[in-house]
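Asker: Please read through the structure below; I'll follow up with questions.
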Amino acid sequence: MDPIIATFIEENIVPNFNYWIYVILMMIGLYAMITKNNLIKKLIGMAIFQTAIILFYVSVGVKDAANIPIISHHGSEHHQMTDLSSETDSTKEIHNTIDKDKYANPLPHVLMLTAIVVGVSTLGLALAISQKIYKSFGTLEEDEILNKLRPGGHD
Amino acid sequence: MTEHFPVLILLVPLFGALIVVLLGRERPDQCWVTSLISLGVSSLISFFTVIAVLSGKVQTLRYRMGGWPESDGYEVGIELRVDILAALVVFAVTFVGFVNTIYSKTRAGAEVRGKVPFFYALIQLLIVGLCGIVMTNDAFNLYVLIEITSLTSYALIAMGNRRAALSSFNYVIMGTIGASFYLIGVGYLYIKTGTLNIDDIRMVLEQKNLWEHQSIIVAFIFIMLGVWTKMAFFPLHGWLPNAYAYAPSMTGTFMAPLMTKVMVYVMIRVMVWIFGNEFVYSSQPMWGEIVIWMSVLAIVAGSLLALARTDIKKILTYLIVAEVGYMVGGSWLADGVGQAGAFYHILSDAAMTFCLFIAASIIVLRVGDSRVNAFDGLFRKMPLTMIGFTVGALSMIGLPPTCGFFSKWYLISAGIEAGHWGYVCALIFSSLVNAVIFFRIFERAYFGKISGVKEDHFPSDSDANPDIRIKEVPWSMLVPLFIASGSVLLLGIMNRSLFEWIQAALKMMNT
Amino acid sequence: MTEFSFIPLFTWIVSLLAVPGILLFRKRPDAREGITFLAAFLKLGMIFMMLPLIREGKILCFKFGEILPGIPIEFRVDGLGMLFALVASSLWILTTLYSLGYMRGLKEHDQTRFFVCFALSLSATIGVAFAGNLLTLYIFYEILSLSTYPLVTHHGDKEARSGGRTYLSHLLGTSVAFVLPAMIYCYWKSGGDLNFTDGSLLSTNIGSDAGLIVLLAFTLGFAKSGLMPFHSWLPNAMVAPTPVSALLHAVAVVKVGVFCVLRVFTGVFGTDLIAELDIAAVISYVAAFTIIVSSLIALTQDNLKRRLAFSTIGQLAYIVLGVSFLTSNGVTGSAMHIATHAFGKITLFFCAGAIFVATGKKYVSQMVGLGRQMPVTMLAFLFGSLSIIGLPPFGGAWSKWYLFLGALEADQLAMAVVLIISSILNIAYLLPIPINAFFRRPPQEDGQAETIEIKEAPMACVVPLSITAVGGLLLFLFPELGFELAQLLTKK
């Protein structure tokens, strides 16, 4: 292999491979959404597109050799004892005592739970709409539908 | 009490939507009243929010959802943030929603037969989503709310005829691309700043001085692309005209004035709150130049496309495309007047689009034809409706004392101050094209022959020959029309104070 | 000097208040016209109430709230505004009388709409005359365009519609395309001020080029002044009923155009600034070109009203030319010409309408020998023509005299020559009409009797045109008031 390409892969693609994968997936999805003629294929593209973004977010939260972010015992008794006014101090303490490198970042995962729900409902709605389109046009091919809508086109 | 206003604005229509669905099985006739009450209450609360925010004691209302405390100076939970700008837009949204519900009284039963409860539930959810977009101070939450509004609006549009279903499908595709781009942008911001709260993102960006970083620039571009898609900024406008024109009339009248405008608000908010004027205008001077020329293109193309149509609703939808160009261009002119002018135009454009869409829907309904020839002789047949239409049209053209004149005034003066003559010319060009479009319609409405009436009847004799008048529509449609045209005039008369509030709020942000 | 007063407001509002009254009595024509008369007389009365105050050099003003930062809707009555308001409102009374005869004589349709729009237009005209700043002026200017549109297209046939289209597209188009940006530019350059002052809103830092562009934008943008190349709305607007052409297109509308130009020269730029920037010459050339070309076109027109329309275009350009001399004589001449031309031209239009009502004739070639049939009308026509040409003993002589002086004072011999040529052309296209009417016999048809009976238009038509014809004469004998008001403008 050409050494320039090799160094490029080593320096740019390998350390950031998650980004590359998400971009490639996203492009596949976008391509399908824009160019495909069949409405269902467009929707498949849309699903890939959304999944790519979900993967991107999830990969952001990953840390090397990190654990699931479930924190047990730690500081919980202490927490109960303090009253509300000193709450901020206590949370600070928790932060200080937890080694954050040990745990994966949970927030992107949580966000993606919401995004998955959004994606699923979008997909569901889109499928329902395409059902309605199929019922009234008898086809799911975009060009045929447009042909029928054109004045003078048979319907 | 005041501090709970922001969340109440959201909760009332949210529960209203639930109640409407539950009620719909047993008492479908009650749906209208229920949603009227819930939106009435919501718009009343948002009106008081405007007053509270203006009163001086509270400049900005902040509401922490779920009562999450602050930690290390960062917001942990989702925060609602209402300043004067947000309060005005929220009021516009809820009020238009309320008035539009009055309009839908007879239309809902006729146009979405059998789905009336779902219509009212969806429209209330849509209002929740729009208000949430305006108020939330959390970048990811903003995404979720954008998707909520999108989902409800896809469904609302698809309730129309079969063409509406196809338009809605296209809207799903474009809308998803737009929202996802926004989400990617937010992801990049999160990677670099580790927070999602808009104020905190700004703070971290400034503390760590990340302005030059590539990810931030890419994030900004992605967010802008996403928002532009959602607001139908030319050439990303393809989904809009069909979607709004074929949707059920009471859906079109609600979405046309609000959806794009709220997204313009999001754009201004992202530009001013997250990234700040210095980053947007100074760090990459080419951007402003490019975007303004794009908006010039949007204005010119939107106007010309509108000119080429003969279907009244299509004309209006293409005019929206042009108006979006006004606002994008205005907010990218590198000075305060432009931003404030664009913001004032959000309000005034909402009022005039609402007015025109209601009038057009009424006319299409009564005459049964959506082409421009439907207007023949309408000044005599439906004088009240035509008065409302005229007010909206004059505002679109930009004649004083309607609000359209003043927003054009501010935008043009911003263009002159920035020395951007292309933008100034585009605004004037669009005014002239609008004049041609609407006076062509007026001429028809004024002189056009009334079918079935002998030519020797003259307008002043219409009292003597009542049969040449088409019956005006019921009050439930005329009242909204007159509220809308009244607000076009009111916004015009109040422009000075509104503009000063807007400028003050924007200035507060930039210091 | 400046005094707060409600009278300008009342003067403006009285014709507006007549609108509901006219609508209310739409079924009873006599009461309806009674209301128009009442409003017209009240308006003139109030203007006379203000007259002595203005002659003392006071300025009356009335302010509504600020509508844009630093710009209120404001009425401000000074000498120039007074002169214009006086002319417009006194001629309104006569026109009302005349339109009564004309509209009823021809049994026109939609008389209620006609009188409503007339009253609205008068309000807008007074609004322009009294406007205290550029924005107020602009707003009333636009209202005037819109409220005269139904008058122009009154007949509603194809010709009227296309005339109306030209009318609106020229007037609205130019005002939005040129005046609006120029106004906003001034607003920005002057730091948020648009009030008419005795000095200048702008300062020399505007630069010659920008100054010239702004001045041209204003002068051409106020297309009601009929300067070429935006003049073609005026001949097209002649499809309107004659009273409309008479009052609006000889007096109110077109004079609003030149009035606005006068305001821009004296109130926005200030003649000193224009002289300093040396940008008036272009305006002079445009005006001179308009004068000559429109007079030549007028020669070729056979339709009497169109001929008069082109004559109006030329005469309006006199006014713009007079201001562009930037000398006090020139400006005085221009202001005077607003009044004298109004009386002269309205007489001519009244005559054209009277001829149409009495005989149905529209074309100059048909009017040969008409003097025997309509002696009063044709005599009035002669008076009007002489006044327009500028021969003593008619009012037009004064304004032309001052315009000529202004040209000499400004050392613009070429322009003085233009004025002379134009006067000769005026003679050529106006005088043959009354001369042929009186001294030539109508083409005889076989077997027709020699004697021609006198058959004038209804009294309601003949009286006003006689009054305006005599008015032109009186303006020559008693021009003091006009001078006084006009010179208030040039005095600092």
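Chains as they are written, first to last, in our numbering: chain G, 39 to 193; chain U, 76 to 586; chain H, 30 to 521.
Yeah, the Cβ is synthetic: ideal placement off N, Cα and C, and Gly gets one too.
Please read these numbers as outputs of a predicted model, since none were measured by experiment.
1) Once you ignore the five residues that flank G/Lys80 on each side, which residues in its own chain have a CB closer than 6 angstroms to its CB?
2) Can you name the residues of chain U whose CB is closer than 8 angstroms to the CB of H/Glu95?
3) What does G/Thr89 reach in chain U if we use C-beta pairs closer than 7 angstroms?
4) So which of U/Leu422, U/Gln578, U/Leu300 and U/Asp213 has the shortest CA-CA distance to U/Ser255?
5) What are the residues in the stretch 217-242 of chain U lying within 7 angstroms of chain G by C-beta distance?
6) What residue range is occupied by the uninterrupted alpha helix (DSSP H) comprising U/Pro103?
7) H/Leu201 touches chain U at which residues, Cβ-Cβ below 7 angstroms?
8) Between H/Gly351 and the rest of its own chain, which residues show a CB-CB distance below 7 angstroms, the 5 nearest in sequence each way excluded?
9) Short check: CB of U/Ile266 to CB of U/Leu280, under 8 angstroms?
10) Can you name, in chain order, every residue of its own chain whose Cβ lies under 6 angstroms from the Cβ of U/Trp303, other than the five neighbours on each side?
11) Would a check of beta-carbon distances place H/Leu197 closer than 8 angstroms to chain U?
12) With distance defined between alpha-carbon atoms, name the residue in U/Val219, U/Ile273 and U/Gly262 nearest to U/Gly250.
13) Does the count of Cβ pairs from the stretch 159-168 of chain H and the stretch 236-245 of chain H closer than 8 angstroms reach three?
14) Smallest Cα separation from H/Pro508: which of H/Glu32, H/Asn465 and H/Phe423?
15) Strictly under 8 angstroms for the Cβ-Cβ distance: is G/Tyr95 near chain U by that measure?
16) By the DSSP assignment, the beta strand (DSSP E) with H/Gly94 in it spans what residues?
17) For the stretch 145-169 of chain H, which residues have a beta carbon sitting closer than 9 angstroms to at least one beta carbon of chain U?
18) Counting pairs of beta carbons, one from the stretch 375-387 of chain H and one from the stretch 404-417 of chain H, are three or more of them closer than 8 angstroms?
19) Within 10 angstroms of the Cβ of H/Met488, are there 16 or more other Cβ atoms? Answer buried if so, exposed if not.
20) Does U/Ser255 come within less than 8 angstroms of chain G when only Cβ atoms are used?
21) What residue from H/Ala486, H/Ser313 and H/Ser254 has the CA that sits closest to H/Lys390's CA?
22) For a contact meaning CB atoms closer than 8 angstroms, what does H/Trp41 contact in chain U?
23) Looking only at its own chain, which residues have a Cβ that is under 6 angstroms from the Cβ of H/Met111, when we skip the five neighbours before and after it?
24) Within the continuous beta strand (DSSP E) that includes U/Tyr138, where are the two ends?
25) H/Glu32 bridges to which residues according to DSSP?
26) Kindly indicate which three-state DSSP category U/Pro81 falls into: helix, strand or coil?
27) If you drop the 5 nearest sequence neighbours on each side, which residues of the same chain put their C-beta closer than 6 angstroms to that of U/Arg100?
28) For H/Leu201, collect the residues of the same chain with a Cβ closer than 6 angstroms to its Cβ; drop the 5 residues on either side in sequence, then sort them by chain order.
29) Got a sec: is the Cβ-Cβ distance from H/Pro210 to anything in chain U below 8 angstroms?
30) Using a cut-off of 7 angstroms between C-beta atoms, extract the partners of U/Val499 located in chain H.
31) U/Tyr319 and U/Gly327: beta carbons closer than 8 angstroms?
32) For a cutoff of 8 angstroms on Cβ pairs, would you count G/Lys138 as touching chain U?
33) Looking at chain H, is there any beta carbon in it that lies within less than 8 angstroms of the beta carbon of U/Gly494?
34) Just to check my reading of the structure: H/Ala211 and H/Gly250 have Cβ atoms closer than 8 angstroms, yes? What is that Cβ distance to the nearest angstrom?
35) Look at U/Ala322 and U/Val399 and say whether their C-beta atoms are less than 8 angstroms apart.
36) Per DSSP, which one or two residues make a beta bridge with H/Arg55?
Answerer: The relevant details are as follows:
1) In the first sequence, the residue the question calls residue 80 of chain G occupies position 42. The answer, listed in chain order, is Met71 and Lys74.
2) Locating residue 95 of chain H in the third sequence gives position 66, where the first residue counts as 1. Result: Arg571.
3) Within the first sequence, residue 89 of chain G is the residue found at index 51, counting from 1. Simply none; closest approach about 11 angstroms.
4) Here residue 255 of chain U refers to the residue found at position 180 of the second sequence. Considering only alpha carbons, the answer is U/Leu300.
5) Val219, Glu222, Leu226, Tyr229, Ala230, Ala233, Arg237, Arg238, Ala240 and Leu241
6) Position 28 of the second sequence, counted from the first residue, corresponds to residue 103 of chain U. Per DSSP, U/Pro103 belongs to no alpha helix (DSSP H) and is neither H nor E.
7) Here the question's residue 201 of chain H lines up with position 172 in the third sequence. Ala510, listed in chain order.
8) Position 322 of the third sequence, counted from the start, is the residue given in the question as residue 351 of chain H. Counting only Cβ-Cβ distances below 7 angstroms, and skipping sequence neighbours, we find Gly359, Val360, Gly362, Ser363, His366, Leu432 and Gly435.
9) Your numbering for residue 266 of chain U matches position 191 in the second sequence. Your numbering for residue 280 of chain U matches position 205 in the second sequence. In this structure, U/Leu280 does not lie closer than 8 angstroms to U/Ile266 by Cβ.
10) Here residue 303 of chain U refers to the residue found at position 228 of the second sequence. Here the set comprises Leu311.
11) Counting from one through the third sequence, the residue named residue 197 of chain H turns up at place 168. Yes - at least one Cβ of chain U is within 8 angstroms of the one on H/Leu197.
12) Locating residue 250 of chain U in the second sequence gives position 175, counting from the first residue. It is U/Val219 whose Cα lies nearest to the Cα of U/Gly250.
13) no
14) Taking the first residue of the third sequence as 1, we reach residue 508 of chain H at position 479. Ranking H/Glu32, H/Asn465 and H/Phe423 by CA distance to the CA of H/Pro508 puts H/Phe423 first.
15) For the purposes of this step, residue 95 of chain G is identified with residue 57 of the first sequence, where counting begins at 1. True, the Cβ-Cβ gap to chain U drops below 8 angstroms.
16) Taking the third sequence and counting its residues from 1, one reaches residue 94 of chain H at position 65. H/Gly94 -> beta strand (DSSP E) spans Ile88 to Leu97.
17) Leu164, Tyr167 and Ile168
18) As far as the Cβ criterion goes, the stretch 375-387 of chain H touches the stretch 404-417 of chain H, which means the pair count is three or higher.
19) As a working mapping, residue 488 of chain H is identified with position 459 in the third sequence. With fewer than 16 other Cβ atoms within 10 Å, it is exposed.
20) Here residue 255 of chain U refers to the residue found at position 180 when the second sequence is read from its first residue. Answer yes: the Cβ-Cβ gap between U/Ser255 and chain G drops below 8 angstroms somewhere.
21) Position 361 of the third sequence, counting from 1, holds the residue named residue 390 of chain H. Measuring from the Cα of H/Lys390, the nearest candidate turns out to be H/Ala486.
22) Taking the first residue of the third sequence as 1, we reach residue 41 of chain H at position 12. None at all; the shortest Cβ gap to chain U is about 15 angstroms.
23) Counting from one through the third sequence, the residue named residue 111 of chain H turns up at place 82. Correct list, in chain order: Ile83 and Leu514.
24) As a first step, residue 138 of chain U is located in the second sequence; it is residue number 63 there, counting from the start. That run of the beta strand (DSSP E) goes Leu136 to Arg139.
25) Stepping through the third sequence from its first residue, residue 32 of chain H is reached at position 3. Answer is H/Leu89, bridged to H/Glu32.
26) Sequence index remark: in the second sequence, residue 81 of chain U carries index 6 (1-based). Three-state DSSP puts U/Pro81 in a helix.
27) The residue given as residue 100 of chain U occupies position 25 in the second sequence. Correct list: empty, nothing qualifies.
28) The residue given as residue 201 of chain H occupies position 172 in the third sequence. So the list reads Ser174, once near-sequence residues are dropped.
29) Translated into the one-based positions of the third sequence, residue 210 of chain H becomes position 181. Cβ-Cβ to chain U under 8 angstroms: yes for H/Pro210.
30) Position 424 of the second sequence, counted from the first residue, corresponds to residue 499 of chain U. Neighbours of U/Val499 on chain H, chain order: Pro210.
31) The count along the second sequence starts at 1 and reaches residue 319 of chain U at position 244. The count along the second sequence starts at 1 and reaches residue 327 of chain U at position 252. Closer than 8 angstroms, so yes.
32) On the first sequence, residue 138 of chain G is found 100 positions in, with the first residue counted as 1. False, the Cβ-Cβ gap to chain U never drops below 8 angstroms.
33) The sequence position of residue 494 of chain U within the second sequence is 419, counting from 1. By this cut-off, U/Gly494 is not an interface position.
34) Walking along the third sequence from the start, residue 211 of chain H turns up at place 182. Walking along the third sequence from the start, residue 250 of chain H turns up at place 221. Right, the Cβ-Cβ distance comes to about 6 angstroms (below 8 angstroms), so this counts as a contact.
35) Locating residue 322 of chain U in the second sequence gives position 247, where the first residue counts as 1. Locating residue 399 of chain U in the second sequence gives position 324, where the first residue counts as 1. Going by C-beta atoms, U/Ala322 is not nearer than 8 angstroms to U/Val399.
36) One-based indexing of the third sequence puts residue 55 of chain H at position 26. DSSP output for H/Arg55 lists no bridge partner at all.
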